[in-house]
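Protein chains in written order, with our numbering: chain A, 459 to 764; chain B, 459 to 764.
Note that CB positions come from ideal geometry on N, CA and C, so glycine has one too.
Since the model is a prediction, treat every value here as computed from it, not as a measurement.
Quick notes on the structure that follows.
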């Protein structure tokens, strides 16, 4: 199998000027831009947890496995450099499955100029596991972190939130281009990608920054999928927008003047929405009438018995 | 769990000057040496395939998962920069298991100055999976590849071969320091780490280089574990040395003069042995009496039904 897939890799995966040595050697060798810092992130997706191989098309699964990693690069405003793909494939039909996974992920990789530099392809009796490491680069002076938010900053999000489980969990667009544009053209104090729900990821950003926030209930952009899900399960659409996972939109803390300009210009193609502001402490939701209530950092978290 | 482990990571994993931003953000940010090229490799280990969680201590499993990656960096003579660790943990006892895996791998990481820069920790109903990506750096002029062997080159190996399944598959020492010393002090035309057996990995090096080789039967360094295994299974010790996987020694193609010098000096601490020489084509085993027989590239390969 290794040889079949290696041959297929060599024939299929396009060469890229950043990859000095690619799939088929012991390791990949990559050229970064002069003085760039390296950004590295990894995510593992498992059948039965992050997708259902019996239900979801392998192309969408492969795409998602790369997309979640690209979203992490976007949260640091990093230019993708390359990705490494490790697979634990079921014995039966593994080669065909690998090819369909790759079909999905290489399409997304090409769109974001993120060549596949290598990986490790295995088979076993267990369920499908995909582990991808994405590598990116940032100029040393670029400092998008979770930790830079300041009281008074406006909180902005891209796109709309909630209900991703209905389909967007596979088809979301990692906000790589939007992040790179913002990093080049605007001042961003702190950033995170919303992977586990707005409330939880906002809480993480605030924890890292040592400040608080008020979220304006009426400003949270509710995705139509969140409305649809609310009709099905009877929970308020706002709950879904605040607490559903896998939106993979950007959450940004931006100085107020900069926020005004960006909100007026809407330079990204995707909507940029102000959902609230950073304060000294606490995490609050403000109702349209002005009443404040605590916003609990609920969202998606893997559970594990200690 | 994420929070438990993140807290534990922050408290346990030492800071490192190369890691500008480490575990706990969306991605790690790493500083490479000026002008260095990035080397990236990834390996996934699975319960029931690469180890047996019911039999092997988690510390040894964690160590191995990092060691196989460091061995790939050694094959490129790359200085380790950092590693990323992804885990799919069984639900029950997952946190304790993660801590024992980390205990094994961080000890090895410290020895090779390879800090853990991040990862992804998950739990599921399936068996344990560990996927590690190791990042390294090489000066742009350093060109250890599989592909540079030339007819006339001496073939050298470090250490001794075969029988690793008895214990060394977990306890082998990745030849990082040896590779870095050789890269700084000697001319090496081609290199590979022997992960799937000497015969198969030599064949890979020859394929990449477009040449052949003769292996001297009497020169192959047979590990005592290969002798032990031979006593148990009745196969010749040489077979084990040629075809067993997981030795993780270095195989090098070196110009003959350079080889003479290295063999006389033995500068590595671990023995450096000449096992044969590169020729124009074919892969041959030479008996002590001089007779040549074809050496089949048999070794360990994952099997997968297409």
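When you check each C-beta in the stretch 575-587 of chain B against every C-beta of chain A, which residues fall closer than 9 Å? 575, 576, 577, 578, 579, 580, 581, 582, 583, 584, 585, 587
Closer than 8 Å between beta carbons: that is the criterion. Which residues of the stretch 666-677 of chain A meet it against chain B? 666
Let me confirm a value: residue 698 of chain A is counted as buried when at least 16 other C-beta atoms fall within 10 Å, else exposed. Which label applies? buried
Helix, strand or coil for residue 714 of chain B, going by three-state DSSP, please let me know. helix
Consider the Cβ of residue 762 of chain B: report whether some Cβ of chain A lies at a distance smaller than 8 Å. Confidence is the limiting factor: at residue 762 of chain B the pLDDT is only 44, short of 50, which leaves the residue's position unreliable, though a coordinate-based value still follows. Chain A contact via Cβ: present.
Exposed or buried, what is residue 523 of chain B when buried is set at 16 or more other beta-carbons lying within 10 Å of its beta-carbon? buried
Please classify residue 565 of chain A as buried or exposed, where buried requires at least 16 other C-beta atoms within 10 Å of its C-beta. exposed
Pick helix, strand or coil for residue 477 of chain B, following the three-state DSSP scheme. strand
Tell me which residues of the stretch 472-505 of chain B have at least one Cβ-Cβ distance to chain A shorter than 7 Å, keeping chain order. 478, 479, 483, 484, 485, 486, 487, 488, 489, 490, 495, 496, 497, 498, 499, 500, 501, 502, 504
For the beta strand (DSSP E) that contains residue 651 of chain A, what are its first and last residues? 648-652
Please tell me whether residue 584 of chain B and residue 516 of chain B are closer than 8 Å, where the distance is taken between their beta carbons. no
Are the stretch 612-623 of chain A and the stretch 681-693 of chain A in contact at 8 Å, needing three or more beta carbon pairs? yes
Between the stretch 630-657 of chain B and chain A, which residues of the former have a C-beta closer than 7 Å to a C-beta of the latter? 650, 651
So residue 729 of chain B is in the alpha helix (DSSP H); what residue range does that whole segment cover? Here residue 729 of chain B belongs to no alpha helix (DSSP H), and DSSP marks it neither H nor E.
Residue range of the beta strand (DSSP E) that includes residue 677 of chain A: Premise fails: residue 677 of chain A is in no beta strand (DSSP E) and is neither H nor E.
How many angstroms separate the CA atom of residue 695 of chain B from the CA atom of residue 597 of chain B? 40 Å
Sequence-distant residues of its chain with Cβ nearer than 8 Å to residue 659 of chain B (five each side left out): 650, 651, 652, 653, 709, 757
Residues in the stretch 597-611 of chain A with C-beta within 7 Å of chain B's C-beta atoms, listed in sequence order? 603, 604
Checking the sheet assignment: what are the DSSP bridge partners for residue 534 of chain B? DSSP, once it has assigned bridges, lists no residue as partnering residue 534 of chain B.
Compare the Cα-Cα distances from residue 494 of chain A to each of A/630, A/536, A/673, A/718 and report the closest residue. A/536
Residue 754 of chain A, buried or exposed, once every other Cβ within 10 Å from all chains shown has been counted against 16: exposed
Between the C-alpha atoms of residue 539 of chain B and residue 749 of chain A, what's the straight-line distance to the nearest angstrom? 51 Å
So what does DSSP say about residue 550 of chain A, is it helix, strand or coil? strand
List the DSSP bridge partners of residue 582 of chain B. B/548
Taking 8 Å as the threshold (beta carbon to beta carbon), is residue 564 of chain A in contact with chain B? no
Only counting the same chain, and skipping five residues up and downstream in sequence, which positions put a Cβ closer than 7 Å to that of residue 479 of chain B? 486, 487
Are residue 595 of chain B and residue 526 of chain B closer than 8 Å when you measure CB to CB? no
Contact list for residue 507 of chain A against chain B, beta-carbon separation under 9 Å: 546, 580, 581, 582, 583, 584
Short of 6 Å in beta carbon distance, which residues of its chain neighbour residue 739 of chain A, apart from the five on each side in sequence? Order them along the chain. 670
By the criterion of Cβ-Cβ separation under 9 Å, what are the contact partners of residue 696 of chain B in chain A? By Cβ distance, chain A contributes nothing, its closest Cβ being about 25 Å from residue 696 of chain B, past 9 Å.
Proximal residues to residue 589 of chain A (C-beta, below 7 Å), its chain only, five neighbours per side dropped: 500, 502, 544
Establish whether the CB of residue 535 of chain B and some CB of chain A are separated by less than 8 Å. no
Residues of chain A with CB under 7 Å from residue 591 of chain B, in chain order? 500, 542, 591
Can you have a look at residue 751 of chain B and say buried or exposed, based on whether 16 or more other CB atoms are within 10 angstroms of its CB? exposed
Sub-8 Å separation of residue 622 of chain B and residue 513 of chain B beta-carbons: no
Once you ignore the five residues that flank residue 521 of chain A on each side, which residues in its own chain have a CB closer than 6 Å to its CB? 562, 563, 566
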